[in-house]
Amino acid sequence: MIARLTERRLHNEIQTLEKVHFVQREKVSEAKKLRPRMKHIPMHKVLRKANDNLRLAKTTLEDHIQAEAIRSCHSLCEAAIEKLPQELRDMITEFLVTDEDVAFFIGKDNKLKIAHGLDNPQHCYDPVYTGSNFHTDILKQLVTGTRCFHFRSRHEFLEMFFDAYICSNEYGHLALNTKVTKLSLAISENCLKNRATLRSNLEYLSIFPARTLLNFIIQTPSTLVIRQLARQLRHLVNIIGPCTLPLHNSGYDVNMVINPEYRSSNVKNNSDSTFSFPVVDKSEAVMKIRGNKFDVWLSHERILSLELD
């Protein structure tokens, strides 16, 4: 009851602020018509303040609705999962887990989240909404088959994955790192600004078992001409090579995938923006390690002319 009253109060407050914002915007517009050469700074300040108040009220309402949704969903899922037999729980997770890609991102609570598929929201994959028991069932289903886990260009996600899922009391017993068979990690010139941090983060790849397919995504600007592209690719390969060769020698299947296609996700992260992840299996340009160097297998016409040896 209190939650509904709070929501109604916030709705009424937003309606009032919208009227204030509209009136102030009309005043500024009318003043510009009457005196177009004047800057009308005081009126613009009032308009900005009205806009800020309206935005704050909308954010407060969204936070309130989200908090109530978390409270309701969490208690409902926890109670349901405790009473459902394992067979029905497996049927539910099989119905929910159908995509071949799993991407990581940072949620509004600044914690590592899992995105499965492209749709937003992703509440059924978030333990904040479902509770740890249902999330455990989801995790078990995600590591079945050959799904690719995308860490994107956020190498710090490797450490966060280690802390959140391998070392945690809630999910550590699942040993997820031993069941992941394929992952991708993007490398760009921007990633090389702090090579020590990059190498430190790449060390977390050793938590995955040997024979895991490690796809390093090499992304270069599309505006580069052939010679510039060849030079940048050679530069990236020469730097990443020493980091990946030990992984190859330890039994990992290491690929470098050059400028693959991407799937755009509708999932929003903590900065309220969306992200994308690569389509690794359909890539036209792949480099594999042969002996102690990368052997180039490139089918794309634009890349075939590159001299990377």
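Quick note: the sequence shown, position 306, residue 335 per the numbering used here, numbers continuous.
For glycine and all other residues, C-beta sits at the position ideal for the given N, C-alpha and C.
- C-alpha of threonine 273 to C-alpha of leucine 265: approximately 12 Å in a straight line.
- Rounded to whole angstroms, the gap between the alpha carbons of valine 296 and aspartate 130 is 13 Å.
- The alpha carbon of lysine 317 has as its nearest neighbour, out of Lys74, Asn284 and Val157, the alpha carbon of Asn284.
- By the beta-carbon neighbour count (other beta carbons within 10 angstroms, threshold 16), proline 289 is buried.
- For isoleucine 216, the number of other beta carbons within 10 angstroms of its own is at least 16, and it is reported as buried.
- For alanine 132 against serine 302, the beta-carbon gap comes to about 14 Å, at or over 8 Å, which does not count as contact.
- Take isoleucine 247, set aside five residues on each side of it, and the residues of its chain with a beta-carbon closer than 6 Å to its own are Ile216, Leu265, Met285 and Ile287, in chain order.
- When DSSP states are grouped into helix, strand and coil, tyrosine 281 belongs to the coil group.
- Taking the CA atoms as reference points, histidine 93 sits about 52 Å from arginine 260.
- The alpha-carbon of isoleucine 135 is positioned some 19 Å away from that of glutamate 91.
- In the pairwise beta carbon analysis, the segment 210-226 is classified as not touching the segment 163-170: fewer than three pairs are separated by under 8 Å.
- Assignment of arginine 292 by DSSP, reduced to helix, strand and coil, places it in the strand class.
- Counting C-beta atoms within 10 angstroms of its own C-beta, phenylalanine 190 has 16 or more neighbours from the protein chains shown and is therefore classed as buried.
- When rounded, the separation of the alpha-carbon atoms in asparagine 244 and leucine 234 is 11 Å.
- Residue pairing by DSSP places leucine 214 opposite Phe245 in a beta bridge.
- Around the beta carbon of leucine 63, fewer than 16 other beta carbons lie within 10 angstroms, which makes this residue exposed.
- In this structure, valine 52 lies away from leucine 76, with their beta-carbon atoms at least 7 Å apart.
- Distance from the CA of histidine 69 to the CA of alanine 60, rounded to the nearest whole angstrom, comes to 8 Å.
- In this structure, DSSP gives proline 307 an extended state, which the three-state scheme calls strand.
- A residue is called buried when at least 16 other Cβ atoms come within 10 angstroms of its Cβ; cysteine 196 does not meet this threshold and is exposed.
- Contact between leucine 242 and threonine 210 is confirmed by a C-beta separation of about 7 Å, below the 8 Å threshold.
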